[in-house]
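Numbering (our numbering), first residue to last: 0 to 418.
Beta carbons are placed, not taken as given, at the ideal position from N, Cα and C, and that holds for glycine.
Okay, structure first, notes after.
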């Protein structure tokens, strides 16, 4: 009777032995390490950790790197067993770097980690998500989330001042309110105002301690200083879209479908109204180079749209360019005299266009679902395009090449940059 239990124990022991995998086997199914990267402007920080249980008999780690293409890895460094990070300073901007790390044992080496890549550039990219309740800081290549912050309510717009580690947010879902978000230490203060009906835009001019909120529900401009409401100005009735500060930080401009309202930052009660030309409905507004650039579509057709610019001093709208197509988003490079526009190609696709100020098409790029923001990186003329329904950001070169796409992001809305 004792034979059966003994045989059972031996069988179980044999199965267990067969399941043991040598972690130093280079043909193992996965590496015992997990590698992550954090690219900076002139360096790449590598960090790794054990996938599960730390290995014994470890003599060190070996770092591999390839440049431009992941097909020619060379040994970059060998590190002692107590090292779990490495800083690579022998890098340049605008080149891809690929990394792997393996574990060294006594005369043996583990399977390396999955390849991780990094592209260095002049800025980090900040993104906020409305439905994700979050603010993310991403690397220039959009591949690595360097910091992540969560808000209590979904933000519809933001006014960041990253140098002060502060971001003002306005919220229209769940609760109509404004909040001030601190990045360090993380925290959020709410300014509850029961009179807010539909706060859609928020601006924080550099030369003013006051934060301005555009309330489309009541056609009002609200002003906050610190956390105190000290301004409440009625605006002309209309369907408001956007609130921007001009490049000189002297005026706010409230964009409605059929007109613009100029608001002096120092004396916001002195309003001036300027109509959009007859036959057009405003879509987007960009402040650059002491001018405002207005994008509008024909009110009676979806087959034509116009880009118009306005002089902030006079407010007069001057026709700049007429286009065939329905364009909804705009970015401007006044130095190169280029427009970047998002066109509705069909119900399922939008395109990105680059046009000269004279209307010469440089290139177009398909493959976007809904472009909610286009931002030009002034340092190198690259673009970051926000594909909101596509849940991604796309880094685009000046000649119209997709340089990189972000890790999956939930409901990205807008981006800004920091060095």
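- By alpha-carbon distance to residue 132, the top candidate from 147, 121 and 140 is 147.
- According to the DSSP assignment, residue 134 belongs to the beta strand (DSSP E) that extends over 133 to 137.
- Around the C-beta of residue 171, 16 or more other C-beta atoms lie within 10 Å, and the residue is accordingly described as buried.
- It is roughly 15 Å from the alpha-carbon of residue 362 to the alpha-carbon of residue 344.
- Counting the other Cβ atoms within 10 Å of the Cβ of residue 417 gives fewer than 16, which makes it exposed.
- Contact between the segment 84 to 100 and the segment 111 to 120 is present: three or more C-beta pairs spanning the two stretches fall below 8 Å.
- Within the model, the alpha-carbon separation for residue 387 versus residue 341 is close to 13 Å.
- The segment 72 to 80 makes no contact with the segment 153 to 172; the number of CB pairs closer than 8 Å stays below 3.
- Collapsing the DSSP output to three states places residue 163 in a helix.
- Collapsing the DSSP output to three states places residue 143 in coil.
- Taking residue 84 as reference, the option from 185, 178, 29 and 44 with the minimal CA-CA separation is 44.
- Judged by DSSP in its simplified three-state form, residue 203 adopts coil rather than helix or strand.
- Taken atom to atom, the span from the alpha-carbon of residue 269 to that of residue 232 is near 10 Å.
- Burial of residue 304 is indicated by the presence of at least 16 other C-beta atoms within 10 angstroms of its C-beta.
- Excluding the 5 residues flanking it on each side, residue 347 has same chain C-beta neighbours closer than 8 Å at 368, in chain order.
- For residue 361, the enclosing beta strand (DSSP E) covers residues 360 to 367.
- Annotated three-state conformation of residue 108 is strand, per DSSP.
- Secondary structure of residue 238 (DSSP, three-state): coil.
- Two segments are said to touch when three or more pairs of C-beta atoms, one from each, lie closer than 8 Å; by this definition the segment 117 to 127 does not touch the segment 62 to 74.
- Residue 41 is classed as exposed because its beta carbon has fewer than 16 other beta carbons within 10 Å across all chains shown.
- For residue 264, the number of other beta carbons within 10 angstroms of its own is at least 16, and it is reported as buried.
- One thing to note: residue 385 has its Cβ within 8 Å of the Cβ of residue 392.
- Between the C-alpha atoms of residue 281 and residue 359 there is a straight-line separation of about 23 Å.
- Only residues of its own chain outside the window of five on either side were considered, and among them 124, 125, 126, 372, 374, 383, 385 and 392 have a CB closer than 7 Å to the CB of residue 414, listed in chain order.
- Burial state of residue 253 is buried, judged by a 10 Å Cβ sphere holding 16 or more other Cβ atoms.
- Look at residue 127 here: in three-state DSSP terms it is strand.
- Beyond the five residues adjoining it in sequence on each side, residue 25 comes within less than 6 Å, by CB distance, of 110 in the same chain, given in chain order.
- By the C-beta density criterion, residue 405 is buried, having at least 16 other C-beta atoms within 10 angstroms.
- Taken atom to atom, the span from the alpha-carbon of residue 37 to that of residue 62 is near 15 Å.
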